[in-house]
Amino acid sequence: MQTRTIRDTAVRIAAGILAALFMTWVAYRFHFNLSSATSIHLFLVTAIALRWGFLEASIVSLLSVACLDYFFTQPLFAFYMTDSHDWLALITFESVALLVSRLSNQVSRHARDSEMHRSHLQKLYELSQNVLLLDRHEPVDQQLAILIQTTLQAREWPYGTLMTST
73 MQTRTIRDTA VRIAAGILAA LFMTWVAYRF HFNLSSATSI HLFLVTAIAL
123 RWGFLEASIV SLLSVACLDY FFTQPLFAFY MTDSHDWLAL ITFESVALLV
173 SRLSNQVSRH ARDSEMHRSH LQKLYELSQN VLLLDRHEPV DQQLAILIQT
223 TLQAREWPYG TLMTST
């Protein structure tokens, strides 16, 4: 399981790097100015942070800043940040990656929690509907125990109590 996650992360990072390099090539080929090139790179970093998370977005944002510095700022074709605005771009890219990935994680967690809550409510509703259909001529406690076991997917503990498996 861990190897699969590392491999998936490596593939996502490689895809993000290729996308950043492709966007840089397009921007350079069509003579984008620094502002336009920055915008498309910021869009890429935002999309990666939303879809994949902070690690992937952070690596792509560092590459994007390097590409922007190398191809679009003076002196051209050199990795040298003479202007404080270049450092501001790096901080902005990293901040966007962190903020968007954090918001995306919160939304995903909220969606999972909502789905689990909905599932629990559905099971309780089914249980309440089935309680109304119990046979009054048979012992209710045994019927209720079986109903709870089947509806809530509960199993018995060795001590005779029920435990839900959620």
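Residue numbering for the sequence shown follows the working numbering, beginning at 73 and increasing consecutively. Every residue gets a Cβ at the ideal spot worked out from N, C-alpha and C, and that includes glycine.
Exposure of residue i, with buried meaning 16 or more beta-carbon neighbours within 10 Å
i    : result
F151 : exposed
A99  : buried
F144 : buried
T110 : buried
I78  : exposed
T222 : exposed
M95  : buried
S130 : buried
Same chain only: Cβ atoms within 8 Å of residue i, ignoring 5 sequence neighbours per side
i    : result
F126 : A169, L170, S173 and R174
L206 : V212, Q215, L216 and L219
N177 : G125
F149 : Y142 and F143
A92  : H113, L116, V132, L135, S136 and C139
Closest by C-alpha distance to residue i, when choosing among the options
i    : options                   : result
W97  : H113, V83 and A86         : H113
H38  : V137, R190 and M188       : Shown here, the chain extends from 73 to 238; a query on residue 38 therefore has no answer.
W124 : A86, Q225, S107 and H189  : A86
L135 : S191, S107, S200 and L116 : L116
R84  : V132, L224, L148 and Y197 : V132
Q146 : H209, N105, V179 and L196 : N105
L90  : E128, L122, F102 and S108 : E128
Residues of its chain near residue i, where Cβ-Cβ distance is below 7 Å and the 5 sequence neighbours each way are ignored
i    : result
M153 : D141 and W159
L162 : V137
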